[in-house]
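Residue numbers (this note's numbering): 184 to 550.
From the three backbone atoms N, C-alpha and C, an ideal C-beta is built for every residue, glycine too.
This structure is a prediction, so every number in the text was calculated from the model and none was measured.
What follows is the structure in structure tokens.
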């Protein structure tokens with residue numbers, strides 16, 4: 184039976200939606216937001232200099248029900264959401280992808296968990312892959328993600344991605360995971376404030392928020408910032424949780440993704456990405472490793488080195504354009520080391536305590 188709490192009894196949830204040339208998907212995304220059973224929300228749409236009618240569509244259909252911030256240029260995913268968080272008034276913030284549609288009780292389920300357990304810093308539901316432009320091609324419910332897993336060699340996986348949804352990740356309503364995917368996570372604002380770091384560039388002032396600290400790492404621009412955030416939350420003692428009852432549908436038709444269980448699938452997936460996407464993903468993973476990675480054992484260290492060598496050889500032979508990431512990695516290395524010093528000085532969790540999260544999974548993805 185569907186329930187609807189009175190708005191006065193609900194904590195305020197701020198929702199930040201980053202829009203970039205999303206005219207076709209944004210209305211459906213926001214329609215689903217305003218159909219949530221948890222009605223005590225505020226919505227901020229950050230338009231990253233779209234060249235289509237994204238902002239106009241939002242203004243026309245939703246008017247005063249939300250706020251729109253129009254950026255004069257595309258500032259990226261991390262800086263854009265930081266702008267939204269800077270104006271958030273809620274106890275929690277949902278960072279929502281523009282190509283994602285939530286089931287009506289998505290926020291209700293997740294906020295219920297956050298209210299019940301003050302140790303939860305971030306939470307997400309089950310995201311299902313869906314092609315909204317060609318729904319007839321969807322033969323079955325295919326999982327997009329149920330959260331992040333990191334293997335001993337530091338390979339980052341979206342748990343369950345590409346698998347048929349048979350309830351294999353539905354064992355408990357509150358299941359702890361390493362980290363939350365950035366498609367539709369809800370964060371506790373207090374947790375985000377707890378893990379924010381100083382700005383180590385631009386004279387100590389963010390050019391995007393005009394603040395002296397950052398929440399999502401603004402050097403990342405886009406991609407991997409969600410893994411980075413989950414890792415930082417873990418180091419401060421917060422936990423990340425998955426609740427299968429909360430569901431959303433993610434349009435992967437344009438962004439790739441899917442099952443990569445064999446090396447052939449890996450190669451096909453890599454080739455489906457633009458050179459820019461491959462380069463920035465590779466760059467950001469290595470920036471994150473510089474900031475956060477520690478090894479509990481020599482076995483993990485050797486496993487990491489082996490994977491890095493294999494990946495570098497693959498890039499050297501088949502993806503020379505990705506080598507452009509290295510000048511940026513080298514340029515940003517001193518700044519990442521300064522961030523690492525700050526983060527490690529303030530961490531509450533030791534490498535030994537974090538080690539159980541870096542474990543081999545039954546999935547054999549190659550990414």
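- In this structure residue 199 is in contact with residue 264, their Cβ atoms being roughly 5 Å apart against a cut-off of 8 Å.
- Between residue 368 and residue 305, the C-beta gap is smaller than 7 Å, which places the two residues in contact.
- Taking the CA atoms as reference points, residue 533 sits about 43 Å from residue 208.
- The continuous stretches of beta strand (DSSP E) do not include residue 447, which lies in the alpha helix (DSSP H) extending over residues 446-455.
- Nearest to residue 451 by C-alpha distance, out of 486, 415, 501 and 495, is 501.
- DSSP places residue 274 outside both helix and strand once states are collapsed to three, so it counts as coil.
- Looking at 293, 257 and 282, the one whose alpha-carbon comes closest to that of residue 193 is 293.
- Residue 325 is bridged by DSSP to 312 and 347.
- Taking the CA atoms as reference points, residue 286 sits about 43 Å from residue 386.
- Shown here, residue 252 sits in a strand according to DSSP, grouped into three states.
- Secondary-structure assignment with DSSP links residue 381 through a beta bridge to 396.
- Listed in chain order, the non-local C-beta contacts of residue 337 below 6 Å within the same chain comprise 487, local neighbours out to five positions each way being set aside.
- Per DSSP, residue 197 is one residue of the beta strand (DSSP E) stretching across 196-202.
- Around residue 360, the same chain offers 330, 423 and 425 as residues with beta carbons nearer than 6 Å, after the five sequence neighbours per side are excluded.
- Spanning the alpha carbons of residue 196 and residue 492 requires a straight line of approximately 44 Å.
- Judged by DSSP in its simplified three-state form, residue 402 adopts coil rather than helix or strand.
- At the C-beta level, residue 407 and residue 357 stay beyond 7 Å of one another.
- Taking C-beta separations shorter than 7 Å and ignoring five residues to either side along the sequence, the partners of residue 258 in its chain run 231 and 391, following chain order.
- Within its own chain, the residues whose Cβ lies closer than 7 Å to the Cβ of residue 434, once the five positions on either side in sequence are excluded, are 208, 282, 313, 314 and 315, listed in chain order.
- Residue pairing by DSSP places residue 423 opposite 305 and 360 in a beta bridge.
- Within the model, the alpha-carbon separation for residue 458 versus residue 271 is close to 35 Å.
- Distance from the Cα of residue 298 is smallest, within the candidate group 326, 372 and 238, for 372.
- Looking at the DSSP output, residue 298 bridges to nothing.
- Excluding its 5 nearest sequence neighbours in each direction, residue 255 has C-beta neighbours in its own chain below 8 Å: 232, listed in chain order.
- Beta-bridge analysis with DSSP links residue 370 to 276 and 305.
- Between residue 528 and residue 383, the C-beta spacing is not below 7 Å.
- A direct Cα-to-Cα measurement between residue 203 and residue 237 gives close to 7 Å.
- Cβ contact annotation for residue 251 (same chain, cutoff 7 Å, sequence separation greater than five): 228, 230, 238, 241 and 242, in chain order.
- Between residue 462 and residue 507, the gap from beta carbon to beta carbon is short of 7 Å.
- Closest in alpha carbon position to residue 352, among 376, 375, 224 and 427, is 427.
- For residue 341, the enclosing beta strand (DSSP E) stretches over residues 339-341.
- Buried is the label assigned to residue 335, since at least 16 other Cβ atoms lie within 10 Å of its Cβ.
- DSSP places residue 225 within a strand segment (E or B) once states are collapsed to three.
- Below 8 Å, too few C-beta pairs join the region 474-483 and the region 341-351 to call them touching: fewer than three.
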